[in-house]
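Trainee: Please find one structure pasted underneath; my questions will follow.
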């Protein structure tokens, strides 16, 4: 069975480590998903970033929003959610830190706890 292709959206300025953690989970033997890693390693012109994000979201089966303390205000995340909506790519969001109560990203659907069972159910 083919793995689902997941685009990971996160607050680049505050939560870059989250992307590495989810990539690690995607490499587990029983993972039902793979991460399309198109995150920029440095600042880039807005148009270049947007073109790359559009292309990656179009290739994805689902967009995973990693929610931290400021994600609901992160311009890049808000733009990626808008792109996913326009492309009709499903979106799920998970709380990225334990024991925290963060604000969900607008228009990104229900907020779930980040645990292996949830990831397998949501991304499988």
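Numbering (the numbering used here), first residue to last: 225 to 348. Beta carbons are placed, not taken as given, at the ideal position from N, Cα and C, and that holds for glycine.
Going along the chain, which residues of its own chain have a beta-carbon closer than 7 Å to the beta-carbon of residue 320, five neighbours each way excluded?
Mentor: These residues qualify, in order along the chain: 239, 242, 290, 291, 292, 338.
Trainee: Which of helix, strand or coil does DSSP assign to residue 229?
Mentor: Of the three classes helix, strand and coil, the one that applies to residue 229 here is strand, per DSSP.
Trainee: Is residue 334 helix, strand or coil when you go by DSSP?
Mentor: Of the three classes helix, strand and coil, the one that applies to residue 334 here is coil, per DSSP.
Trainee: Find out if the Cβ-Cβ distance for the pair residue 229, residue 275 is shorter than 7 Å.
Mentor: No. Outside cutoff.
Trainee: Would you kindly report the start and end of the unbroken alpha helix (DSSP H) that includes residue 302?
Mentor: Residues 299-311.
Trainee: What residues match up with residue 422 in a beta bridge as DSSP calls it?
Mentor: Nothing can be reported for residue 422, as the shown portion of the chain is limited to 225 through 348.
Trainee: Taking just the CA atoms, how far does residue 272 sit from residue 300?
Mentor: Computed Cα separation, rounded: 13 Å.
Trainee: Since residue 256 contacts residue 348 with CB under 8 Å, what's their CB separation in whole angstroms?
Mentor: Confirmed, about 3 Å.
Trainee: How far does the beta strand (DSSP E) with residue 259 in it reach, from first residue to last?
Mentor: Start and end: 257-260.
Trainee: For a quick check, are the C-beta atoms of residue 318 and residue 287 less than 7 Å apart?
Mentor: Going by C-beta atoms, residue 318 is not nearer than 7 Å to residue 287.
Trainee: Put residue 235 into one of helix, strand or coil per three-state DSSP.
Mentor: If DSSP states are grouped into helix, strand and coil, residue 235 belongs with coil.
Trainee: Does the beta-carbon of residue 327 have 16 or more other beta-carbons within 10 angstroms, so that it is buried, or is it exposed?
Mentor: Label assigned to residue 327: exposed.
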